[in-house]
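Reading through the structure tokens given below for one structure.
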Amino acid sequence: MKHSDSVTSVQFAIIIAGTILGVSILALPRFVIEEAGNAAPLASVVGMIISFIGLLGLLYLGKRFPNQTFIGYSKTILGKLFGNFIMVLFLLVALVLIGLETRQFAEVLVGGLLPDTPIHFSIFAMLFLCSVINFSNVSTFAYIHFFYFPLIIIPLLIVLLPSFKDIEYYHLLPITGHEISLTEFMSGAIVIMAAVSNYYILSMVIPYLKNPKKCVTPGIWGFLIGTFFVLFLVTISLAVFGEMKILEMLWSTLVLARMVEVPGEILARIDAIFIISWIFAVFTTLLSYYFIFVRGVAEIFSTKKYRLISFIALPIAFFIALFPRDIFDVYSYLRVFWTGSVMFYFVYVFFLMVIAKVRRKKGSVG
Amino acid sequence: MSPFFRKRTKSEQPKQTIPKSEIMIENEDKRITSNLKSNIEHFHKIFKNDMDFLIREFHVGGKSAALLCLTSLVEREEVERDIIQPLQEQTNLNMTIISSIPTILEKDILYHADVQKEKNLSTLIQSITLGKVIVLLEGVEEAILFDAIRQEKRAIDQPETERVVRGPKDGFIEQISTNVALLRYRLPVPEFRIEKTEVGTRTRTKVAVCFLEDIANDTLLKEVKTRIDAIQIDGVLDAGYIEQFIQDNPWSPFPQIQNTERPDKVVGNLLEGRVAILVEGSPFALIAPATFNQFYQTSEDYYDRWLITSAIRTIRILALIFSLTFSSFYVTVLSFHPELIPSGFVVAASSGRHGVPFPVFVEVLLMEIAMEILREATIRMPQQVGGALSIVGVLVVGQAAVQAGFVSPITVVIIALSTIGSFATPSYNAATSFRMLRFPLIILAGTFGLLGLAVGIVLILNHMIGLRSFGVPFMSPISPGDASSNKDSIIRAPLNWLKARPKEINPKNKKRVGGRVKDKAEHNFLSKDGGKPDET
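Just so you know, the protein sequences line up as chains V and H, in that order.
Under UniProt numbering, the residue at position 302 of the first sequence is numbered 302, and the numbers go up by one with no gaps.
Under UniProt numbering, the residue at position 28 of the second sequence is numbered 28, and the numbers go up by one with no gaps.
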């Protein structure tokens, strides 16, 4: 019995939310606060609103081309040659991001949590986990996201909710920050935009929705759920630690996790559990990148050898991950790619929308 | 694409068939002759001097006749009373029209219920081996076949592998006819279908596909039948053969088809829209498709009250998770992350390990292997020496090893917990696969610490999420989530909440429970005002 390979709207929303919550949840509050100071929550909101516009653009394109992926309609709108060129670029960026995010993950593990774990193993293990997934089945991808989502959310809430008792409201004030310039404020917003910009996965999943025309509501919900947790995290971290203290920490969320005490002394520290759930979060995010890459490459070459592609991608991503010298190097690369890709996505999506309007291209219905 | 990677199309794939029996091919188109002597000779040539091969010659109304059968397979008394006696008693039979003799015998003389006429030799040879009796007559080119099979049966008793405290105590036995009867009497409806096929060129094992035709999904049914028909093997000795041939992923450690000895469980699953497969000679029925959920549920869950059952199911899940991860978590915490140990335990954990010659990883791995050896020994061993084994197991492996400083007491506790956890899983084969998966997890945890453990768990989970049994996701209804089916997964909601059959199986007929009894009950005797409003 062949199961229909389709994704429900709830799964669709969860794919987006699960992709947004990734590697960065450990260090994100510090990044934003580094740039925007006390205005971090406000900058986050601004960043999210700008991302939201990009999301709407993507959803609009998805609705207009209900049975084509990002790759597919780029080709339709821009023509085969130019569309393919841009898409190859896009997929290369995705591959580089896989490598860099994996490296970031491995660095976090080695630096803060599991100093004895060899970095090569962490990188390889994470990439291996992604590459053995059966990408020929979009529903399996959706099931995986669906299954892990509660395992990511619940530990996050267990860490965040008890922190309410440690909140000092003066840490949050003034919400516009201490005399920060607009550039600083906006670079804080861009950090958030980069962190949540992986909602791009939706453009690869829309054609597999049960009803692709109804992608807008679940898409927005998924985005809102994901960004809500990001905002929540940034705000709580700032409110608990304050600007000065947080800049001294590398992984502020982990410090929050260490502050949680479990009654009954089953484990001395809850952070082991939190690390495992964070590994789940990293895995689902990387899986989404991997999904974009593997399905994208397969679509450009119009083949169905997903397994082959994912195993070829594994060593390449592995070497990309080993390329930066240290964590600071990783972040300097990531910053470039994040900012670049955010700009690219943004400009490109609206470019596509305009061209689609002008050339009157529309996806076939059915 | 290079031809190296090219996939063979279906027609290019070499067709493999098993050679047929030579005797059968030889007699494929042959018919029996009118000469009784040569007919008997022919059968004698095939069965030679087999111990149980019987040729009984006698006269029917003055004509010679012969009865052939394998005595080990037929009911002797039945043959004597219903076949030989009425035939021999006929002294004045009208034997003028030879061709009508078999019909006369069948219609007027024989008492036996199951009588057939047959001319083809290969069919007759086959029938003898299947426990039928044939009667040959001089001058008649047709044989009469009687089904007088007698099977050695054991009594129906409580299934050894699936005991219940509350619920029916009968279990399947080896004979398929008895098993079918056990199902039939629980499902006295005309929609209950039992379709028979044969698998195994030599054993010719009867395989019955059972389903409720107005509930079971047609695509599922067709898939099950196609897969069974495609099996090519010489012998099927147990339902396990069928299971391995028709499962979706032979590389998976998890069973994708459920087996059970309990008729009530089979009927419960048929009512949910699943398909059951009975195999002659096996006391286990197969149920497809199977989801992970079914492996920690028992039929008893539905007989007891829901609140208690739900609690017990939760405990079983916990036990399953324990059995899989407890020992590996212990290894990783003790060897890589001692900071996770609560301060109260540090002394206990480290003082117990004083003098233990191995690292925790090796210690746990050795103990787990010892535990598996003990378990395996307990199953294989004759029952008379069981006492000796438990003494060896408990005293030597437990007490003495600790006293000798070979293992730490805490390790023994951990191993015991994880082993007992796996025994709490109702399904033996699922529990075994989880126990075996413990070993790679311990190795991962012992070499790469917490990350290794997490990676191992994610690998197992991803495999389970991606696995499908006859197209049904293995982890459903947890992933992909379905609210109505989740009422009967980790918890078992009250029966009147389970209004729909499980959605993931896609049954034709969806509704199974009506309204609440409470709404219809007229009296509420226990309430203070006696239920009905008091008139006085």
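Think of the CB as a built atom: it goes at the ideal place given N, C-alpha and C, for glycine as much as any other residue.
Just so it is clear, the structure is predicted and the values come from calculations on it, not from any experiment.
- Residue pairing by DSSP places H:K117 opposite H:I144 in a beta bridge.
- Following the DSSP letters along the chain, one finds V:F90 inside the alpha helix (DSSP H) bounded by residues K80 to V108.
- At a Cβ-Cβ threshold of 8 Å, H:L441 and H:L320 do not count as neighbours.
- Pairing H:L270 with H:F211 gives a Cβ-Cβ distance under 8 Å.
- Rounded to the nearest angstrom, the gap between the Cα atoms of V:F65 and V:E299 is 16 Å.
- Neighbourhood of V:A125 in chain H, by CB distance below 8 Å: F448, L451, G452 and V455, in chain order.
- Contact annotation: the region 436–450 of chain H touches the region 325–332 of chain H, with at least three C-beta pairs closer than 8 Å.
- If you draw a 10 Å sphere on the C-beta of V:Y345, you find 16 or more other C-beta atoms in it, and that means buried.
- If you draw a straight line from the Cα of H:L137 to the Cα of H:R76, it is about 21 Å long.
- In the three-state reduction of the DSSP assignment, H:E198 falls in the strand class, which pools E and B.
- Membership of H:E57 in the beta strand (DSSP E) is indicated by the continuous run F53 to V60.
- Excluding the 5 residues flanking it on each side, H:N39 has same chain C-beta neighbours closer than 7 Å at I32, T33 and L136, in chain order.
- The beta-carbon of V:T140 is placed less than 8 Å from the nearest beta-carbon of chain H.
- Assignment of H:A400 by DSSP, reduced to helix, strand and coil, places it in the helix class.
- Straight through space, the alpha carbons of H:R274 and H:C69 are spaced by roughly 40 Å.
- Look at the region 276–354 of chain H and you find these whole runs of alpha helix (DSSP H), each 4 residues long or longer: 306–335 and 343–352.
- Annotation for H:I242: V199, V207, I228, I231, V236, I277, V279 and L286 place their beta carbon closer than 8 Å to its own, counting only its chain and skipping 5 residues before and after.
- Residues are counted here when their Cβ sits less than 8 Å from a Cβ of chain V; for the region 475–499 of chain H these are M475, I478, S479, P480 and G481, given in chain order.
- Per DSSP, H:T205 is one residue of the beta strand (DSSP E) stretching across T205 to L212.
- Between H:I317 and H:I490, the beta carbon gap of about 6 Å places them in contact (Cβ cut-off 8 Å).
- The beta carbons of V:G72 and V:A281 sit about 29 Å from each other, so the pair does not count as a contact at 8 Å.
- Residue pairing by DSSP places H:L137 opposite H:A65 in a beta bridge.
- Counting only Cβ-Cβ distances below 7 Å, H:I257 has no contacts in chain V at all, with the closest Cβ about 14 Å away.
- Close CB contacts of V:P162 within its chain, under the 6 Å cut and outside five residues either way in sequence, are with V260 (chain order).
- In this structure, H:L450 keeps its C-beta atom at 8 Å or more from the C-beta atom of V:I119.
- Contact between V:T8 and V:K210 holds: their C-beta atoms lie close to 6 Å from each other, under 8 Å.
- Straight across, the Cα-Cα distance linking V:M87 with V:F301 is about 12 Å.
- The Cβ of V:Q11 sits closer than 8 Å to at least one Cβ of chain H.
- Note that the region 302–315 of chain H does not touch the region 328–335 of chain H; fewer than 3 beta-carbon pairs, one per stretch, sit closer than 8 Å.
- Contact of H:N462 with chain V is assigned, a C-beta pair being separated by under 8 Å.
- For a cut-off of 8 Å, the C-beta gap from V:A39 to V:F185 is around 6 Å, short enough to register as a contact.
- Secondary structure note for H:N259: its beta strand (DSSP E) is the uninterrupted segment Q258 to T260.
- Among the bridge pairs identified by DSSP, H:S469 is matched with H:V472.
- Taking C-beta atoms as the reference points, V:Y199 and V:T19 count as a pair closer than 8 Å.
- DSSP, reduced to helix, strand and coil, places V:F65 outside both helices and strands of the structure shown, so it counts as coil.
- Among the residues of the region 166–190 of chain V, none has a Cβ less than 8 Å away from any Cβ of chain H.
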